[in-house]
Amino acid sequence: MTTAKARREEIYHLAVTTGLASVEELSRHFQVTASTIRRDLAQLNEQGKLARTYGGAVALGAHPEPSLRQRTGEAYEQKHAIAAWAAAEVKDGENLLLDGGSTVGALAHALRGRENLSVTTPGINTLQELADSPGIQVDCLGGRLRGVSQTFVGPLAEAALERMSFDRVFLGADAVTADDGLCEADHAQTRLKELMARRGDSVYVLADSGKLGKRPFHAWAKLALPWTLVTDSGADPAQVALFTEAGVQVQLVPVQAGEQASA
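Here the sequence shown stands for residues 119 to 381, where the numbers follow my numbering.
And the structure:
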């Protein structure tokens with residue numbers, strides 16, 4: 119009899135080699151119940167190996183979700199330039215909502231030492247960055263912890279948001295497109311991002327240029343206008359044009375010293 123661990127390893131292998139996607143197909147293949155397969159997929163999702171889609175299916179292919187630690191080292195200079203720009207936008211006395219993710223985590227680091235700020239976040243990295251900043255009140259959106267992204271998601275986090283509003287909301291994303299919005303590996307995260315965006319007077323999406331126009335997963339958060347995309351000056355002009363044509367304000371941040379440019 120196949121063990122659960124062996125079955126999950128084979129599911130992952132089938133996913134990246136043959137594209138076997140449906141719960142029903144996997145259930146028949148392994149001769150187990152659909153609920154067993156859903157539990158397998160949920161665990162593989164938590165490990166960042168597969169991404170779930172609507173209906174209990176899984177987004178397959180060569181795009182496993184990287185861990186927060188892996189993402190922190192990617193596009194390092196671009197992320198910190200974006201974070202520095204975003205931190206300069208924040209005014210004393212403001213109430214902020216900071217998403218999880220590596221770029222927003224860099225923003226949290228840039229805010230360390232500021233006075234008279236209130237920050238709410240579902241991200242463990244932001245909690246860690248601001249835990250010893252006495253001038254910043256920090257609140258956590260509780261819920262279910264997604265280990266791979268180090269963020270809290272789910273009904274508890276969503277319910278807490280209903281009682282809050284914010285001057286500025288800063289969101290991250292695995293990718294972002296002009297037509298579909300923010301791309302993530304998990305629908306619970308995209309649902310939370312949509313709700314977060316609704317609670318802010320000003321909404322910013324912090325995404326380095328390598329994330330523009332990409333579609334690595336099948337979970338999307340569509341944001342209502344207006345919102346601002348903050349990216350680096352290495353962005354493809356054609357991609358920037360797509361966002362501006364869609365009504366999104368775009369802020370291009372130079373990675374090297376120099377003038378900031380807006381599109």
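Just so you know, even glycine gets a beta-carbon here, dropped at the ideal spot from N, CA and C.
Checklist entry - Can the beta-carbon of A339 be found closer than 9 Å to that of E312? => result yes
Item to check | Own chain partners of T239 with C-beta closer than 6 Å, once the 5 adjacent residues on each side are dropped | outcome: L216
Item to check | Extent of the continuous alpha helix (DSSP H) to which V141 belongs | outcome: V141 to F148
Checklist entry - CA-CA distance, E164 and R264? => result 6 Å
Checklist entry - Can you list, in chain order, the residues of its chain whose CB lies under 6 Å from that of V321, leaving out five sequence neighbours each side? => result V287, A315 and W345
Checklist entry - By Cβ distance, which residues of its chain are closer than 7 Å to A202, with the 5 residues on each side in sequence left out? => result A228
Next on the checklist: Spatial neighbours of E280 within its chain, please: C-beta separation below 6 Å, excluding the five flanking residues on both sides.
Outcome noted: none
Checklist entry - Looking only at C-alpha atoms, which of G211, S283 and G218 sits nearest to A325? => result G218
Checklist entry - Around the C-beta of H131, are 16 or more other C-beta atoms found within 10 angstroms, so that it is buried, or is it exposed? => result exposed
Next on the checklist: If distances are taken between C-alpha atoms only, which option among R230, A152 and D158 comes closest to E127?
Outcome noted: D158
Next on the checklist: Can you tell me whether N234 is buried or exposed? The criterion is at least 16 other CB atoms within 10 Å of its CB, across all chains shown.
Outcome noted: exposed
Next on the checklist: In this structure, how does DSSP classify W203 when only helix, strand and coil are distinguished?
Outcome noted: helix
Next on the checklist: Cutting at 6 Å between CB atoms, please list the residues of its own chain near T295, excluding the five before and the five after it.
Outcome noted: G331
Checklist entry - Alpha carbon to alpha carbon, how far is A204 from L300? => result 18 Å
Checklist entry - Mapping DSSP to helix, strand and coil, what is S320? => result strand
Next on the checklist: Just to check my reading of the structure: D298 and Q196 have Cβ atoms closer than 8 Å, yes? What is that Cβ distance to the nearest angstrom?
Outcome noted: Not confirmed; about 22 Å, so no contact.
Checklist entry - Does the beta-carbon distance from L245 to I254 come in below 9 Å? => result no
Checklist entry - With burial defined as no fewer than 16 other Cβ atoms inside 10 Å of the residue's Cβ, what is the status of A379: buried or exposed? => result Confidence at A379 is low in this model, with a pLDDT of 38, below 50, so the placement of that residue is unreliable and no value is reported for it.
Item to check | A306 versus S327, R262, L289 and P334, residue with shortest Cα-Cα distance | outcome: R262
Next on the checklist: Using CA atoms only, rank isn't needed, just tell me which of A342, V348 and T308 is closest to P273.
Outcome noted: T308
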